[in-house]
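As structure tokens, the structure follows; a few thoughts come after it.
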Amino acid sequence: MMKKALLLCILISQLGFCQVGIGTTTPNAILDIRASNPLNPAATDGILIPRVANFPTTNPSAEQNGMLIFLDTQVGINKPNFYYWDHPNSKWEEIGNTLDEAYDQDGAGTGKTITADSGGVLIQGTDGLQVTGTHGSGATLSLSGAGTKMFFYPRKSAFRAGGVSGNHWDDSNIGEYSTAFGYNTIASGVYSFASGYQSTASGENSVAISNATATGLNAVAIGDNSNALADNTVAIQGDATVENAIAIGGTASGINSIAIGGIASEDNTIALLGGSALGENSFAFAGTAEADNSLSFGGTSEAEYSMSFWGGEAKSYGEIAMGTYGQSYIPSSTTSFVGTDRLFSLANGYNDFSSGFVYSNAMIVLKNGNVGFSIDEPAVNLHIGGAFALAQGQYTNVTTDNQTITIGDSSHVLLVSNNTTTTNRTILLTDGMTPGQLLIIVMGGNSFRGVELEDGSANVNLQQTRELYGGDTLTLIWNGTTWLETNYSDN
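Everything in the sequence shown is counted per my numbering, starting at 370 for the first residue and increasing by one.
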């Protein structure tokens, strides 16, 4: 009877309009099927869609577009589920709730957003999360402005994670193949990397970490307020502002300069541990190298090609200075060789902390060859500002007459004699080593008798024959062939 009524309704619907109700007398649609008890439905309340164990061998036609079936066994990769015929694409389409289906079917924007306001999104299992895309293709980034975010941007192959207070991660501030982490970081250069707090990597292949700025090609800046501002620069807690500069805890502002705890302000300079390399091609280690091609190890080098060590001040061209608190002077030239300027200076000044600094030079060598000890301006080849003494040289016991005393390179000879006779024993001298060699002969005071050096004997020219007794001295100088007397002291 039901079949006849349904068939009758279908026939009538061809001529007019008919609504069929099953389980109700007031249908609200063409076909309205009600459960026997909506609050406590029976196991048979429902509709059975045609069940199949395989898809039809012959595809349905356009007239069957949208036809529904239920596949009750797995066929290939198709799992048991509801399928409908998608005629435009000539395939049976599974009805499901995958992310891809939500993205594809729910319309623009609807299937692309998850509002996680009741707990975070958790991905469990062993396979993790994989994201793919096509570089240079796809929609422009829709995220902009302030917020806490994490995203991969396939159009530029870029990644971001952290937070921003403005446009730091807007599309215009995202470099291709770049990465940025932290807060208010900007990685706008191609292949750039920025992390930490307010770091900016705007140069190609640049790196900025922890409130640093890297603007040059291949620039690296690490540490608070560090700046690598030119190509191929490195700044770690420092500033490298020109090409190929390296600054670690310092400032490198010259091309190819290196500053490690110092200042390297000119091209091709190196400054280490508080040093300042201020002239081109200069080097400073805990000192100051002010002039071109100068060198400083804890001193001050003020002239070209000068060197200073341990507090020394090198003021003239090519000068080497060592020591502390030396007497200062004004050189004739800092850029050229002048004979009266210093070649070497050794200072021995000090601070006694009561009367102040005591300035003094132990030794000065001028470029003309003059050497001074305890004098600032040596006027002759050897200029001594005070007394000097020769250390005791060889000790010789005169045991026979005409005994030869070997001089060699000695400047002082001490003689003693075991003579017990009433006459002095004579001595002879070997030649000196070089013209100008001084020789002081001293007779020991404990000798019983003396010795005698005869005037006119081989290689000796005296004012007269000299007899030496205890405490007597005879000073000679070698002229290249002869020992000449310069002084005799009869004590």
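For each residue, glycine too, the CB sits at the ideal point set by N, CA and C.
request  = Give the straight-line distance between the Cα atoms of glycine 544 and isoleucine 464, rounded to the nearest whole angstrom.
outcome  = Glycine 544 and isoleucine 464 have their C-alpha atoms roughly 40 Å apart.
request  = Return the residue from the list Ala716, Gly819 and Ser645 that minimises the CA-CA distance to aspartate 859.
outcome  = Selection Ala716, Gly819 and Ser645 evaluated against aspartate 859 yields Gly819 as nearest (Cα-Cα).
request  = Could you check which residue in Leu642, Gly648, Ile627 and Gly644 has the C-alpha nearest to that of glutamate 635?
outcome  = Nearest of Leu642, Gly648, Ile627 and Gly644 to glutamate 635, Cα basis: Gly648.
task = Using three-state DSSP, classify threonine 508 as helix, strand or coil.
result = The residue you asked about is not threonine; residue 508 is alanine in the sequence shown. If DSSP states are grouped into helix, strand and coil, alanine 508 belongs with coil.
task = Identify the continuous beta strand (DSSP E) that holds alanine 616 and give its terminal residues.
result = Taken as a continuous stretch (DSSP letters only), the beta strand (DSSP E) holding alanine 616 covers 615-617.
ask   = Secondary structure at aspartate 540, three-state DSSP: helix, strand or coil?
value = Helix.
message = Counting C-beta neighbours from all protein chains within 10 Å, is the total for isoleucine 492 16 or more, i.e. buried, or is it exposed?
response = When all chains shown are included, isoleucine 492 counts as exposed.
query = In three-state terms, what does DSSP make of glutamine 772?
reply = Here DSSP, grouped into helix, strand and coil, assigns glutamine 772 to strand.
task = Tell me, to the nearest whole angstrom, how far the beta carbon of serine 670 is from that of alanine 683; I am working on the premise that it is less than 8 Å.
result = Rounded, the Cβ-Cβ distance is 5 Å, consistent with contact.
Rounded straight-line distance, which links the Cα of glycine 805 to that of serine 677 = Approximately 34 Å between the Cα atoms of the pair.
query = Thinking just about the alpha-carbon of each residue, which of Ile774, Ala640 and His781 is nearest to the one in leucine 797?
reply = Taking only the C-alpha atoms, the option nearest leucine 797 is Ile774.
query = Taking the continuous beta strand (DSSP E) assigned at lysine 460, which residues delimit it?
reply = Where lysine 460 is concerned, the enclosing beta strand (DSSP E) stretches over 460-463.
key: From Gln443, Trp847 and Asp455, residue whose alpha carbon lies closest to that of glutamate 432   = Distance check between glutamate 432 and each of Gln443, Trp847 and Asp455 places Asp455 closest, using alpha-carbon atoms only.
ask   = Does the pairing of the segment 788-795 with the segment 751-766 give three or more beta-carbon distances under 8 Å?
value = Taking a cut-off of 8 Å for Cβ pairs, the segment 788-795 and the segment 751-766 do not touch, as fewer than three such pairs fall below it.
request  = Would you identify the three-state DSSP class for alanine 599, choosing helix, strand or coil?
outcome  = DSSP places alanine 599 in the coil class of the three-state scheme, outside both helix and strand.
ask   = Taking DSSP as the reference, what is the three-state secondary structure of glutamate 432?
value = Glutamate 432 carries a helical assignment under DSSP once its states are collapsed to helix, strand and coil.
ask   = Along the chain, where does the beta strand (DSSP E) that runs through glycine 643 open and close?
value = Membership of glycine 643 in any beta strand (DSSP E) is not indicated, and neither H nor E is assigned to it by DSSP.
ask   = Taking just the CA atoms, how far does isoleucine 632 sit from alanine 508?
value = Pairing alanine 508 with isoleucine 632, the inter-Cα distance amounts to about 49 Å.
inquiry  = Am I right that glycine 558 and serine 568 are in contact with their C-beta atoms under 8 Å? What's the rounded C-beta distance?
reply    = Contact flag wrong, Cβ pair sits at about 12 Å.
key: Cβ-based neighbour list, asparagine 587, same chain, cut-off 6 Å, excluding 5 preceding and 5 following   = Excluding five sequence positions before and after asparagine 587, the CB atoms of its chain that fall closer than 6 Å to its own CB belong to Asn574 and Asn601, given in chain order.
query = Assuming glycine 777 contacts tryptophan 852 under a Cβ cut-off of 8 Å, what Cβ separation, rounded to an integer in Å, is found between them?
reply = At roughly 13 Å, the Cβ-Cβ gap does not stay under 8 Å, so glycine 777 and tryptophan 852 are not in contact.
query = I think leucine 642 touches phenylalanine 652, with their Cβ atoms under 8 Å apart; what is that distance to the nearest whole Å?
reply = Not really, about 12 Å apart at Cβ, beyond 8 Å.
ask   = Whose C-alpha, out of Leu712, Thr584 and Asn580, is nearest the C-alpha of serine 595?
value = Residue Asn580 is the option with its Cα nearest to serine 595.
query = Beta carbon of aspartate 486, beta carbon of serine 513: below 7 Å?
reply = No; because the gap between Cβ atoms is not below 7 Å, this pair is not in contact.
key: Spatial neighbours of phenylalanine 610 in its chain, beta-carbon cut-off 8 Å, leaving aside the 5 residues before and after   = Note that residue 610 is threonine in the sequence shown, not phenylalanine. Its chain contains Asn596, Leu598, Ala599, Thr602, Thr620, Ala621 and Ser622 as the residues whose beta carbon lies nearer than 8 Å to that of threonine 610, once the 5 sequence neighbours on both sides are disregarded; these appear in chain order.
request  = For tyrosine 686, count neighbouring C-beta atoms within 10 Å of its own C-beta (all shown protein chains included) and say buried if the count is 16 or more, exposed if not.
outcome  = Tyrosine 686 counts as buried, since at least 16 other C-beta atoms from the protein chains shown sit within 10 angstroms of its C-beta.
message = Among Ile555, Gly692, Thr584 and Thr638, whose alpha-carbon lies nearest the alpha-carbon of glycine 681?
response = That would be Gly692, whose Cα lies nearest to the Cα of glycine 681.
inquiry  = If you follow the beta strand (DSSP E) that methionine 812 is in, where does it begin and where does it stop?
reply    = Annotation: the continuous beta strand (DSSP E) that includes methionine 812 extends over 807-812.
query = With 16 as the cutoff for other CB atoms within 10 Å, does proline 419 come out buried or exposed?
reply = Its Cβ having fewer than 16 others within 10 Å, proline 419 is exposed.
task = Taking all protein chains shown into account, decide if isoleucine 391 is buried (16 or more other Cβ within 10 angstroms of its Cβ) or exposed.
result = Here isoleucine 391 is exposed: its Cβ has fewer than 16 other Cβ atoms, across all protein chains shown, within 10 Å.
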